[in-house]
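Numbers in the numbering used here are just positions in the sequence shown, counted from 1, shifted up by 126.
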Amino acid sequence: KENMNDHVVIITGAANGLGRATGIAAAKAGYKLLLVDIDAKGLADSKKIINASGGVAEVYQANVSLEQEVIGYVTYAMTVFGRIDGFFNNAGILGTTTPLTDTDVVSFDRVLTVNVKGVFLGMKHIIPIMQKQGNGSIVNTASMGAVGGLPGLASYSASKHAVVGLTKVAALEVAKSGIRVNSILPGTITTEMALKDVPAKTLAEKEAILAMSVPQGKAGKPADIANTVLFLFSDVSAHITGITLPVDGGITAQ
Ligand code: NAD
């Protein structure tokens, strides 16, 4: 087993869902963490959970789509930890669920701004640090919506296709610097984002509805994403860069 002590990871969208789950798993694996999110309360809860189990986590409240705030969290990570080995570029929003023709421009811009500009800005400011170090692994969160279109989610699907494009460009530009850049495509994972609009009362009923669209017959857990991110951070995946990796129980194989 690799020793991850002294390796530092930044996670955006770390106040909830996949970001928090990955933070918990990364802390258990020995990484030191900077948790970034716009949601201060959720960030504090994530930090408390991680610190209570012996992990090292600092927090920084930022909007990932504002460049000064991105510079703020990157600078803070360097001040506190002095290096950045892994970056889980994960914050994202779903936006409104309407047909394309009913999607208003403000909502379209908002989704593209968080999901695309946020991912772009994180890489823009972290890659130079990783280049100086000569190492680093970046994992961008796209979605199964980056493979097929998701009806009712035009801006979201467009934004996640863009994340895959950004990932491939970045991977090629830094391939010789010892830095790897990959995107993951979560399918149906039981986070707040996936569960909130499911038309059922109990959690079990909601999970059963989500499971119907998954070939494996069950929705994914946040830990399934966390494990994949840790694999991509680790040297076990040393020859993997520029890939678009579904973590979806078979959805995109259909
Ligand atoms: P979530 O809503 O639980 O978490 C997203 C986090 O991002 C929240 O903590 C939110 O506060 C934060 N965030 C939103 N806008 C931000 C901004 N401008 N600046 C900083 N932080 C911001 O959702 P999740 O399911 O954990 O989603 C995480 C990522 O996974 C997203 O990119 C999402 O599109 C993607 N995804 C999720 C699923 C799923 O089934 N849950 C499927 C495919 C893709």
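Cβ coordinates follow ideal geometry from the N, Cα and C atoms, glycine included. From a predicted model like this one, the values you see are computed outputs, not experimental measurements.
Check, Outcome
"For ligand 1, is there a heavy atom less than 7 Å away from the beta-carbon of Ser269?", "yes"
"Once you ignore the five residues that flank Val240 on each side, which residues in its own chain have a CB closer than 6 Å to its CB?", "Ser191 and Ile219"
"Nearest to Val196 by CA position, among Thr229, Val232, Gly139 and Ser172, is which residue?", "Gly139"
"Is the Cβ-Cβ distance between Asn353 and Ile305 less than 8 Å?", "no"
"In angstroms, rounded to a whole number, what distance separates the CA positions of Asp235 and Met319?", "19 Å"
"What is the residue span of the beta strand (DSSP E) that Arg306 lies within?", "Ile305 to Pro312"
"Here's the rule: buried if 16 or more other CB atoms are within 10 angstroms of the residue's CB, otherwise exposed. What is Pro254?", "exposed"
"Among Asp132, Leu226 and Gly145, which one has its Cα closest to the Cα of Thr267?", "Gly145"
"Ligand 1 heavy atoms versus the CB of Asn216: any closer than 7 Å?", "yes"
"Can you list, in chain order, the residues of its chain whose CB lies under 6 Å from that of His409, leaving out five sequence neighbours each side?", "Outside the displayed span of the chain (127 to 380) sits residue 409, for which this structure offers no information."
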